[in-house]
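In what follows, a single structure is set out as structure tokens and then discussed.
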Amino acid sequence: MVKKLSIDNYKSIKGLSINTKRVNVFIGEHNSGKSNILEALSWFSINALDKGVFPEMFRFKSATDFFYDFDATKPISIKTNEFSLIVRYAKNNSGSLLNHLEGIIFKSDASIDPEKIGDWYNLQGKLPNHVSFRLQYDGTIESINGGIETPFRTYIFKRLKAFQNNFRPFLNPPFGENIPSLLISNKSYQERIRSIFSEKGFRLMMKPTENDFSMAKDVNDELYAYPYASISETLQRIVFYSLVIETNKNAVLVLDEPESNTFPMYTKQLAELMAFDQSNQYFIATHNPYLLTSLVSKTPENELAVFVTSMKNYQTTVQPVSKKNLSKLLDKGVDFYFNLDKLVKS
């Protein structure tokens, strides 16, 4: 589990360091840097360095956009007690800057410090459990070298028109293209989605040979099937986030506004699933009072951390909300969003 997180020189974050718990929630005004914190963690996610996924997971126009104040002379550093990332401008043997960046992800307890090593492409045998890569100016990922498995999984809802055969035992980050494979291979997941559809009077129709599934209605013993791509976004989101939680175990789940476009009742249900889920750790950004108050009321006090993010002097700052003020948050209800500054006062 991630117990500590520090981020330096990343986008709006000049430097921050926080202690984290099982459920970590970031609240604050728009453009305060909540998403940048989650994006920093997303570098550790499965599939994050995939060439097709990277430009959809990260927000940038050119690679220098990742650096605080576009200052690429200072490296980006993202560290947890488990894994660390460094991104810097690459240099040749004489120390001159090259026209690309280089990055490395490694275990935080490594016996050698990659920051003190010039060449990250000859570390095999010296630094086990690492992956290095090049990042071109336009944001293209190249020359991935090595390999490392992390528990980080960033999920982003996306309307999908087609699925992929992927027999991972959990929803494939970040977009979940393997939903049919999961439902076909696991009856409990299938039952979960069946119950979601049945609440609306519909049935789940599996199509194993097509690697697809539909929502169907029964009219006089005739089944009328609606392609998954055609059903409401709210229902698709409920399916997606239910499987995020159901299919993952011992994972660090990164979710940016998972409550978007959902009815308050489902937002509350989603929050309760996360609050009671002892098998995963969560990093969540939200503007939604229903999600936040449900998380605060249902998550054990010693397992919850709420942080107020704000922008001061063009820098993202993060302040934890005390246990005392968390109880006040529940008393105020929706009104607390109009007084976020009071939540971080003793």
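Going by this note's numbering, the first residue of the sequence shown is number 2, and it counts up by one from there. Glycine included, each C-beta is placed from N, C-alpha and C at the ideal position.
| Asked | Found |
| --- | --- |
| Between the CA atoms of K22 and N303 - distance to the nearest angstrom | 8 Å |
| Three-way DSSP call (helix, strand, coil) for Q137 in this model | strand |
| Cβ distance (whole Å) where G29 is taken to contact V307 below 8 Å | Not really, about 11 Å apart at Cβ, beyond 8 Å. |
| Every unbroken alpha helix (DSSP H) within the segment 256-313, with a cutoff of 4 residues, ordered by chain | 265-277, 290-299 |
| Closest by C-alpha distance to R89, when choosing among Y190, L102, K80, I79 | L102 |
| As assigned by DSSP and simplified to three states, the class of A252 | coil |
| Y315, DSSP secondary structure in three states | coil |
| One or two residues paired with V24 in a DSSP bridge | Y283, L305 |
| Buried or exposed (CB count within 10 angstroms, at least 16 for buried), N249 | buried |
| Element boundaries [alpha helix (DSSP H), containing K188] | 188-199 |
| Cross-strand partners of G142 (DSSP beta bridge) | Rather than Gly, the amino acid found at residue 142 in this sequence is Ile. Beta-bridge pairing links I142 to L136. |
| Secondary structure of E103, DSSP reduced to three states | strand |
| Cβ neighbours of P259 in the same chain (closer than 6 Å, five flanking residues each side left out) | Y242 |
| Contact set for L274: own chain, Cβ-Cβ below 6 Å, skip 5 residues either direction | I246 |
| Presumed contact (8 Å Cβ cut-off) between S13 and N37, rounded CB distance | 5 Å |
| Assumed close pair T151, F84 - CB separation to whole angstroms, cut-off 8 Å | 6 Å |
| Separation of I79 from P181, as counted between CA atoms | 35 Å |
| Own chain residues within Cβ distance below 6 Å of K218, not counting five before or after | F203, Y225 |
| Proximity of V3 and T300 at Cβ, strictly below 8 Å | no |
| Proximal residues to L39 (C-beta, below 7 Å), its chain only, five neighbours per side dropped | V255, D257, F284, A286 |
| The alpha helix (DSSP H) enclosing A41, as first and last residue numbers | 35-43 |
| Identity of the residues DSSP links to T81 by a beta bridge | L6 |
| Between the CA atoms of I87 and K269 - distance to the nearest angstrom | 37 Å |
| Pair within 8 Å by beta-carbon distance, E234 and R160 | yes |
| Distance between K52 and T141 (C-alpha atoms, nearest Å) | 7 Å |
| Reduced DSSP secondary structure (H/G/I, E/B, other) of P321 | strand |
| Start-to-end residues for the alpha helix (DSSP H) that takes in L344 | 341-344 |
| Identity of the residue in I197, H31, F214 nearest L183 by Cα | F214 |
| Beta-carbon proximity check, I149 vs N130, cutoff 8 Å | yes |
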